[in-house]
Amino acid sequence: MSRTLIFGGTFNPVHVGHLRAAIEVMEALGFAQVEWVPSYAPRHKSDSPLLGFDLRIALLRAALHGHDCFRVNDIERTLPVPSVTIQTLEAMARSEPAADRYFLLGDREFLRLHQWRSGSDVVKLTHIAIACRTEFDLDAFASEVAAVWPASRRVEPPAGALLAFELLPGRFAVVVPLPRIDVSSSLVRRRWLEGRSLSHLVPQAVLELLERHREEVAVAWRPAPASALQAS
Numbered sequence: 008m009s010r011t012l013i014f015g016g017t018f019n020p021v022h023v024g025h026l027r028a029a030i031e032v033m034e035a036l037g038f039a040q041v042e043w044v045p046s047y048a049p050r051h052k053s054d055s056p057l058l059g060f061d062l063r064i065a066l067l068r069a070a071l072h073g074h075d076c077f078r079v080n081d082i083e084r085t086l087p088v089p090s091v092t093i094q095t096l097e098a099m100a101r102s103e104p105a106a107d108r109y110f111l112l113g114d115r116e117f118l119r120l121h122q123w124r125s126g127s128d129v130v131k132l133t134h135i136a137i138a139c140r141t142e143f144d145l146d147a148f149a150s151e152v153a154a155v156w157p158a159s160r161r162v163e164p165p166a167g168a169l170l171a172f173e174l175l176p177g178r179f180a181v182v183v184p185l186p187r188i189d190v191s192s193s194l195v196r197r198r199w200l201e202g203r204s205l206s207h208l209v210p211q212a213v214l215e216l217l218e219r220h221r222e223e224v225a226v227a228w229r230p231a232p233a234s235a236l237q238a239s
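What follows is the structure in structure tokens.
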């Protein structure tokens with residue numbers, strides 16, 4: 008049974024930080040495949056400047072071209088909106104019930120997982136891979152995990168991981184270090200709107216696709232007028 012890393016997000020747009028994070032975690036934990044799952048209609052970003060789903064899918068496929076171990080899964084296109092992680096994982100479990108999945112989260116998001124809609128049930132469907140910065144305080148994080156997941160226990164981490172926890176019987180969370188790459192989708196969008204270069208922030212194929220869809224991108228990413236923000 009192959010082990011798959013699930014990388015979910017809006018990817019608005021995908022950038023080099025996303026790619027590097029996937030590679031680092033895949034290599035550290037020995038995954039055979041990374042499954043990229045873009046969010047169709049994220050509830051928590053309903054007011055954010057979001058590119059259309061089809062364009063975000065196209066940008067992802069352009070960025071991942073040539074990486075045979077990466078694949079894009081557009082499953083959220085067929086699911087009810089707003090998009091919710093638990094229903095996406097349930098749908099994936101129905102389609103491939105025997106798959107051994109790990110869901111990728113940042114360390115702060117992992118500590119908020121129990122606050123998500125049915126977040127505590129997410130770990131019934133998948134293990135968790137937690138990406139952290141190299142200057143991470145392991146003992147402090149372990150204490151936070153114990154507070155948020157009181158039934159969990161610290162276990163011996165696998166090779167390539169810094170920490171590991173058994174959250175539920177047979178369900179694990181493992182902490183993997185990442186090199187610090189201070190690139191975010193919001194930074195990319197800001198640079199784009201300022202007319203500045205995106206060279207080496209996004210793959211060249213992504214940049215070329217953004218240029219070809221310049222009008223659509225400009226409309227999607229243009230900030231809302233101050234009067235509209237005040238009215239809302």
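Quick note, my numbering runs 7 ahead of the 1-based positions in the sequence shown.
The beta carbon of each residue, even a glycine, is placed where N, CA and C say it ideally should be.
Check whether residue i and residue j have beta carbons under 8 Å apart
| i | j | result |
| --- | --- | --- |
| Cys139 | Val182 | yes |
| Pro176 | Pro56 | no |
| Thr141 | Pro184 | yes |
| Gly59 | Ala227 | yes |
| Phe2 | Ser159 | This structure leaves residue 2 out entirely; the chain is present only between 8 and 239. |
| Val129 | Ile93 | yes |
| Ala39 | Ser9 | yes |
| Ala69 | Leu26 | no |
| Ile188 | Val23 | yes |
| Arg197 | Leu208 | no |
| Leu120 | Gly126 | yes |
| Ala149 | Leu170 | yes |
Proximity to residue i [Cα-Cα], best of the options
| i | options | result |
| --- | --- | --- |
| Thr11 | Leu118, Gly24 and Val32 | Val32 |
| Ala98 | Phe110, Glu34, Thr85 and Ala147 | Thr85 |
| Ile30 | Leu145, Ala136, Pro165 and Gly59 | Ala136 |
| Ala154 | Gly126, Val162, Pro186 and Leu118 | Leu118 |
| Trp123 | Val195, Val91 and Gly73 | Val91 |
| Ala106 | Trp156, Leu216, Glu201 and Glu42 | Glu42 |
Buried versus exposed, by CB contacts within 10 Å (16 or more), residue i
| i | result |
| --- | --- |
| Leu236 | Residue placement at Leu236 is poorly supported in this model, since its pLDDT is 42, which falls under 50; the coordinates are not used for a value here. |
| Arg108 | buried |
| Leu145 | exposed |
| Val213 | buried |
| Val195 | buried |
| Arg28 | Reading off the sequence, residue 28 comes out as Ala, not Arg. So Ala28 counts as buried. |
| His134 | buried |
| Glu103 | exposed |
| Ser239 | Reliability of the predicted coordinates at Ser239 is poor, the pLDDT of 34 falling under 50, and the value obtained from them is presented with this limitation in mind. So Ser239 counts as exposed. |
| Glu215 | exposed |
Residue i, enclosing beta strand (DSSP E) - first and last residue
| i | result |
| --- | --- |
| Leu58 | Premise fails: Leu58 is in no beta strand (DSSP E) and is neither H nor E. |
| Gly167 | It is not in any beta strand (DSSP E) - Gly167 carries neither H nor E in the DSSP assignment. |
| Leu112 | Asp107 to Gly113 |
Delimiting residues of the alpha helix (DSSP H) encompassing residue i
| i | result |
| --- | --- |
| Trp228 | Arg221 to Trp228 |
| Val23 | Val23 to Leu36 |
| Glu97 | Thr92 to Ser102 |
| Trp123 | Looking at the DSSP string, Trp123 is not in any alpha helix (DSSP H), and its letter there is neither H nor E. |
| Phe148 | Leu145 to Val155 |
| Leu200 | Ser192 to Leu200 |
Inset, instruction - Would you check if the segment 74–89 and the segment 113–120 touch, i.e. whether three or more CB-CB distances between them fall below 8 Å? - result: Of all C-beta pairs linking the segment 113–120 to the segment 74–89, fewer than three are shorter than 8 Å, placing the two stretches out of contact.
Inset, instruction - State whether the segment 43–51 contacts the segment 10–23, with contact taken as three or more CB pairs (one from each stretch) at a distance under 8 Å. - result: Touching, yes.
Inset, instruction - Could you tell me whether the segment 202–222 touches the segment 59–70, using the rule of 3 or more Cβ pairs below 8 Å? - result: Cβ pair count under 8 Å is three or more, so yes.
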